[in-house]
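Top line first, the protein sequences correspond to chains A and B. Everything in the first sequence is counted per the working numbering, starting at 1 for the first residue and increasing by one. Everything in the second sequence is counted per the working numbering, starting at 1 for the first residue and increasing by one. Here the structure is laid out as structure tokens; the discussion comes afterwards.
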Amino acid sequence: MFNNIAELVNQAETQNKKIYEIMIEQEIKVTGLSKEEVIHKMKDNYMVMKAAIEKGIQGVTSKSGMTGGDAKKLSDYRNRGKYLTDYTLISAICYAVATNEVNASMGLICATPTAGSSGVLPAVMFAAQEKLKVDEETIIKHMFTAGAIGYIIANNASISGAAGGCQAEVGSASAMAAAAVTELAGGTPTQAAHAMAIAIKNMLGLSCDPVAGLVEVPCIKRNAAGAVNAFAAAEMALAGVESRIPWDEVISAMYRIGLSMPIALKETALGGLAATETGRCWRMKIQ
Amino acid sequence: MKYKSVFDIMGPIMVGPSSSHTAGAVRIGQIARRIFGMEPEEIHIHFYGSFAETYKGHATDIAVIAGLLNFETDDSRIRDAIEIAKKKGIHIKFYTEEMVPAHPNTLQIKLVKGNEILELTGVSVGGGAVQITELNGFDLNLSGENPAMLIYHIDAYGVIASVAGILANYKINISKMNVSRIEKNSMALMVIETDQVIQEEILKEISMKDNVKKVYVLAS
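Below, the structure is given as structure tokens:
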């Protein structure tokens, strides 16, 4: 059993295992399920994530009518081949938006760790899968690396926007994705932990100020930012860059920032973007 | 540790847009329906706090009706739940309340069929997890994640022991138990969460015990 990142990394490094192996072993112990059953459950999540991306790219509209169609724009833009950065990054941006547009349209998604932040991990994993040309099974295994990180953050801090702001939702999702993609690209458990810490640090203090209280603005585009941030953190960690603040201290900082954030910035739709003139107009229109 | 399984973090697979305002509301509706044990003729939903503010945008109204139709959180019919219920002839009414609840995501459900009435208060605590806090005037604390039995009985000595005895005979382990009463010697509600599923024969045996008035079962 592990209670924090230091214990998780220590177990993985001393047993010469990957983080996902430690997580799978613990899951088997806790639930009494077999290894095959545990992996199968994750495969179900993987299939839902994949289907959501495919659906979002075709173009969906949210129930409120406030958002939709941007994933299709991004996909067309990518297919035209004239983009600023590179294929992997633009794909990640597109997939993150696609997943969250499907969420806003009352489509099927896998809450990872929440519905509002459900686009980050699939975006990073599917973009990396295409880049690294790895099979489905490998991606599914590395999703347990993401799960291990989320499990520790959820138990030691928070994954709820109402409790900790967006840093706890998209921030946590970005950290989970950063660790998973680092390990997927051949990084060590220690490097994965650094990627996690770097990703969270870059998202500390992020407010949860959704317009009209809906999981749309700024949530959908923020998922794309979470995905790109995960790649930035992973690249740094793979290059040997380390977090100056120890991993678990970063998580605890996120928790304390969440506690001290004003209530107006924690999913109440009372502050920030929700309180702008246009934000208020949308609220009137929808209620 | 609050969260025990990796799938508490990676999941649930659900219809969007919000784990607390949509998936959680489906779960509360589903628990109410399963305790009621039949399709209601009338549904009255009262929204409090954040639910009262944002229930339309998050489709909390649609979600709770979906739960009351016994749909799962990943059922694609959720978005059409209100139309489906209306086609079945179910009378639905929503109310927004100004009273500030202990938890921002609180809703109250009243179900009616003939003379049968069920009133239940539920809270969506985050990530799709819920707590049922009140049932027909009794305080309780039920997550709906484990099999549970709800037993209405007269507040008298020996009832708890006799129920626990039957469960022990069937090798059913109690994981959590709560008893509440309105006043001394009147009616009481015993809520027992178990590790194993409670079979029909056990239910029958318990409902025949002295002072036991009614037994509901909630499979997880």
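Glycine is no exception: its CB is placed at the ideal position from the N, C-alpha and C atoms.
{"query": "Close Cβ partners of B/Gly24 (< 6 Å) along its chain, the five nearest in sequence each way excluded", "result": "Ser124, Gly128 and Val130"}
{"query": "Own chain partners of A/Ala111 with C-beta closer than 7 Å, once the 5 adjacent residues on each side are dropped", "result": "Ser118"}
{"query": "Per DSSP, the bridge partner or partners of B/Gln108", "result": "B/His46 and B/Thr121"}
{"query": "Chain A contact for B/Val26 (CB, 9 Å cutoff)", "result": "no"}
{"query": "For B/Gly126 and A/Asn156, the rounded distance between their alpha carbons", "result": "16 Å"}
{"query": "Simplified DSSP state of A/Asn100, which is helix, strand or coil", "result": "helix"}
{"query": "Listed by chain order, chain A residues near B/Val123 by CB distance under 9 Å", "result": "Within chain A, no residue comes near B/Val123; the closest Cβ sits about 12 Å away, beyond 9 Å."}
{"query": "For B/Phe138, three-class secondary structure by DSSP", "result": "strand"}
{"query": "Length of the line joining the Cα atoms of A/Ala178 and A/His194", "result": "9 Å"}
{"query": "Where the beta strand (DSSP E) through B/Ile151 begins and ends", "result": "Ala148 to Ile154"}
{"query": "Within chain A, partners of B/Thr54 - CB distance below 8 Å", "result": "Ala212, Gly213, Leu214 and Ala269"}
{"query": "Sequence-distant residues of its chain with Cβ nearer than 7 Å to B/Asn178 (five each side left out)", "result": "Leu140, Asn141 and Val191"}
{"query": "C-beta atoms of B/Glu42 and B/His91 nearer than 9 Å", "result": "yes"}
{"query": "Cβ-Cβ separation, A/Ser174 to A/Ala199 (assumed contact under 8 Å), whole Å", "result": "5 Å"}
{"query": "C-alpha distance - B/Phe47 paired with B/Val163, whole-angstrom precision", "result": "36 Å"}
{"query": "Chain-order list of residues whose beta-carbon lies under 6 Å from that of A/Gly213 (same chain, five-residue window excluded)", "result": "Ala269"}
{"query": "Euclidean distance between Cα positions of A/Asp86 and A/Ala230", "result": "15 Å"}
{"query": "Cβ of B/Asp61 within 9 Å of any chain C Cβ", "result": "Among the chains of the structure shown, chain C does not appear; the protein chains present are A and B."}
{"query": "Interface partners of A/Glu27 on chain B, CB under 7 Å", "result": "Ser5 and Val6"}
{"query": "Span of the alpha helix (DSSP H), counted from its first residue to its last, around B/Ser162", "result": "Val159 to Asn169"}
{"query": "The beta strand (DSSP E) enclosing B/Ile174, as first and last residue numbers", "result": "Ile174 to Arg181"}
{"query": "Range covered by the alpha helix (DSSP H) that runs through A/Leu184", "result": "Ser172 to Leu184"}
{"query": "Selection from A/Ala162, A/Ala92 and A/Ala227 that minimises the alpha carbon distance to A/Gly263", "result": "Checking the displayed sequence, the identity of residue 263 of chain A turns out to be Ile instead of Gly. Answer by Cα proximity: A/Ala162."}
{"query": "Contacts that A/Val60 makes with chain B (C-beta to C-beta distance below 8 Å)", "result": "Correct list: empty, because the minimum Cβ distance to chain B is about 10 Å."}
{"query": "Proximity of A/Ala123 and A/Cys94 at Cβ, strictly below 9 Å", "result": "yes"}
{"query": "Inter-stretch contact at 8 Å, needing at least 3 Cβ pairs: the segment 275-285 of chain A / the segment 27-45 of chain B", "result": "no"}
{"query": "Endpoints, the alpha helix (DSSP H) within which A/Lys73 is located", "result": "Asp70 to Arg80"}
{"query": "Neighbour flag for A/Val124 against chain B, beta carbons, 9 Å", "result": "no"}
{"query": "Members of the segment 80-103 of chain B near chain A, C-beta cut-off 7 Å", "result": "none"}
{"query": "Contained beta strand (DSSP E) runs [length at least 3] in the segment 25-99 of chain B, N- to C-terminal order", "result": "42-48 and 91-96"}
{"query": "Residue span of the beta strand (DSSP E) that contains A/Ile198, given as start and end", "result": "Premise fails: A/Ile198 lies in the alpha helix (DSSP H), Pro189 to Lys201, not in any beta strand (DSSP E)."}
{"query": "Partner residues on chain B for A/Met196, Cβ-Cβ distance less than 8 Å", "result": "Those do not exist, as A/Met196 stays about 14 Å from chain B at its closest Cβ, beyond 8 Å."}
{"query": "Contacts of B/Asn74 in chain A (Cβ-Cβ under 9 Å)", "result": "The identity of residue 74 of chain B in the sequence shown is Asp, whereas the question assumes Asn. Here the neighbours are Val48 and Leu108."}
{"query": "Classification of A/Lys141 by the beta-carbon crowding that lies within 10 angstroms, buried from 16 upward", "result": "buried"}
{"query": "Contacting positions in the segment 8-21 of chain B - beta carbon closer than 9 Å to chain A", "result": "Asp8, Ile9, Met10, Gly11, Pro12, Ile13, Met14, Val15, Gly16, Pro17, Ser18, Ser19, Ser20 and His21"}
{"query": "B/Lys171 at chain A interface by Cβ criterion, 9 Å", "result": "no"}
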